[in-house]
Amino acid sequence: MRMDSKNMEDLLKKYWACETTLEEEKELREYFGGNSIPDQWKDTAALFRYFEETKKKSLNDLAFESQVIHKIHAPKKSKLVRLAYNTMRIAAGLGVVLAATWFIRNEIRETTPQAVVDTYDDPKLAFEETKKALLMISKSFGTAEEQARKINMFNEAQEAIQREN
Amino acid sequence: MNLEAFQNRVLPVKNKLFRFALKFLGNEEEAKDIVQEVFIRVWNGREQMNEVQNWEAWCMRITRNLSLDRIRSVTRRHTQPIEDGYHVLQETLSPHESTELQESMNRIDQFIAALPEKQRQVIHLRDVEGYSYNEICEILELDMNQVKVNLFRARNAVREKLIKINAYGL
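In order, the protein sequence lines correspond to chains A and B. The first sequence lines up with residues 6 to 170 when you count with my numbering. The second sequence lines up with residues 21 to 190 when you count with my numbering.
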C-alpha cells in the first residue's frame with residue numbers, strides 16, 4: 006500500500022499521541038520497513054525496524070519443546086512410583102500377618118498333646134504299623150469268638166429243652 | 021485440553037513469552053527457565069483454561085509474575101537490559117543493513133532499556149508484540165488509563181531522545 010508523505014505525517018502524529026489502531030501501526034511498520042524512506046524519518050524508521058527486529062528474537066533451542074513435554078510427563082512417573090510404594094506397603098502388611106499366623110500355628114502345635122499329633126512321617130511305616138494294630142485287634146476278636154462259642158452251647162442246650170417241653 | 025492441543029496451541033507462543041521474560045530478566049537462560057515453568061503451570065492448570073477467555077494473555081501474565089518473582093528472589097547484580105538489547109540486535113541483523121541503521125537501532129535499544137519498567141513493558145507489548153489495549157490491561161493487571169499513559173510516556177520519551185540525537189547530529 007502506497008502512502009503519500011502527508012498521510013504518513015498524520016498517521017505518525019496519531020501514533021505519537023497513542024491514537025492509532027493496531028491496523029494503523031501495522032501499516033507504519035510496513036511502510037518504514039520498506040526502502041526509500043525520506044531522510045526526515047530515518048530515525049523513526051529505525052524505531053519501527055527495531056520493533057520488527059526485536060520480534061524476530063526467538064527461543065533458539067530445538068530441544069525446548071521436548072523438554073517441556075518431558076517435564077509435563079514427569080508427575081505421571083511419580084504417580085507410578087507412588088503406586089509401587091503403596092503396593093509395597095500393602096505387601097509388607099501382608100507379610101507381617103503371614104509371619105504372625107505361622108508363629109501362632111507353631112505355638113498351638115507345641116501345646117497340643119502328642120497323641121493327637123501324627124506319629125509317622127513315612128507312609129510305608131505308617132501302613133505297617135496300622136496293619137500290625139489291625140492284626141492285633143483281629144487276633145483278639147478270634148479269641149473272643151472262641152469264648153463266645155462256649156456260651157452258645159448253653160443257648161443251644163436251653164433251646165433243646167424248651168422244644169422237648 | 022489434551023497433550024496434542026497443548027502442543028499445537030500453547031507451545032507455539034513460546035517465543036512471545038521468551039521475549040517478554042527476556043525484557044524483565046535480560047538473560048536468555050533465565051528467560052528460558054521462566055517459559056518452561058509457565059508451560060508447566062499452564063499444563064497443570066489446564067482444567068481452568070476453559071474459563072480463561074484469552075489464554076495467551078493469561079500465559080503472558082504468568083510469565084510476567086514469574087519473572088517478577090525471579091527478580092525479587094534472586095540477588096541480582098544487575099539486570100543488564102542494555103547489554104542484552106545489544107545482543108538481540110547483533111544476532112538478528114542481516115549483513116545487508118547499513119551500519120548507520122544498526123547504530124540508530126542500538127541507540128533505540130538503549131533508550132527503551134532506560135525507560136521505567138512499566139513503560140518498557142507496555143511499549144514492548146504494544147509495539148513489538150502487537151497486543152490490543154485490552155490485552156495489555158489483562159497481562160499487566162493495569163487499567164486502561166494507566167496503560168495508555170505509560171505507552172504515551174514511553175513513545176514520547178524515545179521520540180524526544182531521537183530528536184535530541186538528530187539536533188546534536190546536525
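Glycine residues also receive a C-beta, built at the ideal position from the N, C-alpha and C atoms.
- Query: Should B:Ala-41 and B:Ser-87 be called a contact, given that it needs their Cβ atoms to be closer than 7 Å?
  - Reply: On the second sequence, position 21 is the one that residue 41 of chain B refers to. On the second sequence, position 67 is the one that residue 87 of chain B refers to. Their beta carbons are under 7 Å apart, which means B:Ala-41 touches B:Ser-87 by this criterion.
- Item | Per-residue contacts from B:Ser-152 into chain A (C-beta, under 7 Å) | The count along the second sequence starts at 1 and reaches residue 152 of chain B at position 132. In chain order: Leu-27.
- Message: Quick check on this structure: which residue in B:Asn-176, B:Glu-123, B:Ser-124 has the alpha carbon closest to the alpha carbon of B:Gln-139?
- Response: Position 119 of the second sequence, counting from 1, holds the residue named residue 139 of chain B. When only C-alpha atoms are compared, the closest one is B:Asn-176.
- Task: Using the Cα positions of A:Thr-116 and A:Arg-110, report the straight-line distance between them to the nearest angstrom.
- Result: By one-based count along the first sequence, residue 116 of chain A stands at place 111. By one-based count along the first sequence, residue 110 of chain A stands at place 105. If you take the alpha carbons of A:Thr-116 and A:Arg-110, they lie about 10 Å apart.
- Item | Proximity to B:Met-21 [Cα-Cα], best of B:Leu-121, B:Val-62, B:Lys-36 | As a first step, residue 21 of chain B is located in the second sequence; it is residue number 1 there, counting from the start. Out of B:Leu-121, B:Val-62, B:Lys-36, B:Val-62 has the C-alpha closest to the C-alpha of B:Met-21.
- Message: Within 7 Å of any Cβ in chain A, is that where the Cβ of B:Asp-53 sits?
- Response: Walking along the second sequence from the start, residue 53 of chain B turns up at place 33. Not closer than 7 Å to any Cβ of chain A, the Cβ of B:Asp-53 fails to qualify, so no.
- Have a look at B:Arg-90 and A:Ala-97 and give me their C-alpha separation to the nearest angstrom. Position 70 of the second sequence holds residue 90 of chain B. Position 92 of the first sequence holds residue 97 of chain A. Cα to Cα, the separation comes out at about 44 Å.
- Residue of B:Ala-133, B:Ile-183, B:Glu-76, B:Ser-124 minimising C-alpha distance to B:Ser-152: Start at 1 with the first residue of the second sequence, and residue 152 of chain B comes out as number 132. Selected option, being the one with the closest Cα: B:Glu-76.
- Quick one: what does DSSP say A:Asn-65 is sitting in, helix, strand or coil? By 1-based counting over the first sequence, the position of residue 65 of chain A is 60. Note: A:Asn-65 maps to coil in three-state DSSP.
- Evaluate the contact criterion for the segment 155 to 171 of chain B versus the segment 51 to 70 of chain B: three or more CB pairs, one atom per stretch, below 8 Å. no
- Message: Just checking: is the beta-carbon of A:Trp-21 within a distance shorter than 7 Å of some beta-carbon in chain B?
- Response: What you label residue 21 of chain A is simply residue 16 of the first sequence in a count that begins at 1. Closer than 7 Å to some Cβ of chain B, the Cβ of A:Trp-21 qualifies, so yes.
- Would the segment 161 to 173 of chain B and the segment 45 to 61 of chain A be scored as touching if the rule is three or more Cβ pairs under 8 Å? no
- Touch test, the segment 65 to 75 of chain A against the segment 25 to 32 of chain B, Cβ-Cβ under 8 Å, three pairs minimum: yes
- Message: Can you tell me whether B:Leu-86 is helix, strand or coil according to DSSP?
- Response: As a working note, residue 86 of chain B is residue 66 in the second sequence. Of the three classes helix, strand and coil, the one that applies to B:Leu-86 here is helix, per DSSP.
- Message: So for A:Ala-22, helix, strand or coil by DSSP?
- Response: Residue 22 of chain A sits at position 17 when you count from the first residue of the first sequence. In the structure shown, A:Ala-22 sits in coil (DSSP, three-state: anything other than H, G, I, E or B).
- Extent of the continuous alpha helix (DSSP H) run through A:Pro-128: In the first sequence, counting from the first residue as 1, residue 128 of chain A sits at position 123. Looking at the DSSP string, the run of the alpha helix (DSSP H) that includes A:Pro-128 is 128 to 169.
- Is the beta carbon of B:Val-58 less than 7 Å from the beta carbon of A:Thr-59? Translated into the one-based positions of the second sequence, residue 58 of chain B becomes position 38. Translated into the one-based positions of the first sequence, residue 59 of chain A becomes position 54. In this structure, A:Thr-59 does not lie closer than 7 Å to B:Val-58 by Cβ.
- Buried or exposed: which applies to B:Asn-126, given that a residue is buried once 16 or more other Cβ atoms fall within 10 Å of its Cβ? Against the second sequence, residue 126 of chain B aligns to sequence position 106. So B:Asn-126 counts as buried.
- Task: Name, going along the chain, the residues of the segment 119 to 132 of chain B whose beta-carbon falls closer than 7 Å to a beta-carbon of chain A.
- Result: Leu-121, Ser-124, Met-125, Ile-128, Asp-129
- Item | Per-residue contacts from A:Asp-15 into chain B (C-beta, under 9 Å) | Within the first sequence, numbered from 1, the residue matching residue 15 of chain A stands at position 10. In chain order: nothing, as chain B lies at least about 16 Å away.
- Message: Quick check on B:Thr-119: does DSSP put it in helix, strand or coil?
- Response: Against the second sequence, residue 119 of chain B aligns to sequence position 99. The answer is helix: DSSP assigns B:Thr-119 an H, G or I state.
- Item | Coarse secondary structure for A:Val-73, derived from DSSP in three states | Walking along the first sequence from the start, residue 73 of chain A turns up at place 68. Looking at A:Val-73 - three-state DSSP - the assignment turns out to be helix.
- Query: If A:Leu-52 sits next to B:Leu-182, beta carbons under 8 Å apart, how far is it from one beta carbon to the other, in whole angstroms?
  - Reply: Here residue 52 of chain A corresponds to residue number 47 of the first sequence, with the count starting at 1. Here residue 182 of chain B corresponds to residue number 162 of the second sequence, with the count starting at 1. Right, the Cβ-Cβ distance comes to about 7 Å (below 8 Å), so this counts as a contact.
- Task: Measure the alpha-carbon distance for B:Gln-68 versus A:Phe-56 and round it to whole angstroms.
- Result: What you label residue 68 of chain B is simply residue 48 of the second sequence in a count that begins at 1. What you label residue 56 of chain A is simply residue 51 of the first sequence in a count that begins at 1. So the alpha carbons of these two residues sit roughly 33 Å apart.
- Query: How big is the Cα-Cα spacing for B:Leu-109 and B:Gly-65?
  - Reply: Residue numbering aside, residue 109 of chain B sits at position 89 when the second sequence is read from its first letter. Residue numbering aside, residue 65 of chain B sits at position 45 when the second sequence is read from its first letter. Reliability fails at B:Leu-109, whose pLDDT of 44 lies under 50, so the model's placement of it is uncertain and the value that follows must be treated cautiously. The alpha-carbon atoms of B:Leu-109 and B:Gly-65 are separated by roughly 36 Å.
- Item | Interface flag, B:Phe-40 vs chain A, CB-CB below 7 Å | Numbered from its first residue, the second sequence carries residue 40 of chain B at position 20. So no, B:Phe-40 is outside the interface.
- Message: Looking at the ligand GTP, does it come within less than 6 Å of B:Gln-73, judged from the CB to the closest heavy atom?
- Response: You won't find the ligand GTP in this model; it holds no ligand whatsoever.
- Query: Within 7 Å (strictly less), CB to CB, does A:Glu-32 reach chain B?
  - Reply: Translated into positions along the first sequence, residue 32 of chain A becomes position 27. Not closer than 7 Å to any Cβ of chain B, the Cβ of A:Glu-32 fails to qualify, so no.
- Closest Cα partner of B:Gln-27 within the set A:Ile-77, A:Met-13, A:Thr-26, A:Glu-28: Counting from one through the second sequence, the residue named residue 27 of chain B turns up at place 7. Considering only alpha carbons, the answer is A:Ile-77.
- Give the interface partners of A:Arg-114 over in chain B, defined as CB-CB distance under 7 Å, in chain order. As a first step, residue 114 of chain A is located in the first sequence; it is residue number 109 there, counting from the start. What A:Arg-114 touches in chain B: nothing, since even the nearest Cβ is about 58 Å away.
- By the 10 Å Cβ neighbour count, where 16 or more other Cβ atoms means buried, how is A:Leu-99 classified, buried or exposed? Indexing the first sequence from 1 puts residue 99 of chain A at position 94. Counting Cβ neighbours within 10 Å, A:Leu-99 comes out exposed, since fewer than 16 surround it.
- Query: Skipping 5 residues on each side, what residues in its chain have a beta carbon closer than 8 Å to that of A:Tyr-125?
  - Reply: Counted from its first residue, the first sequence places residue 125 of chain A at position 120. Around A:Tyr-125: Ala-131, Glu-134.
- Query: Looking only at its own chain, which residues have a Cβ that is under 8 Å from the Cβ of B:Ile-82, when we skip the five neighbours before and after it?
  - Reply: Position 62 of the second sequence, counted from the first residue, corresponds to residue 82 of chain B. Closer than 8 Å at the Cβ level, and outside the excluded window around B:Ile-82, lie Val-58, Arg-61, Val-62.
- Message: Strictly below 7 Å CB to CB, what residues from chain B border A:Tyr-55?
- Response: Counting from 1 along the first sequence, the entry for residue 55 of chain A is found at position 50. Simply Met-125, Ile-128, Asp-129.
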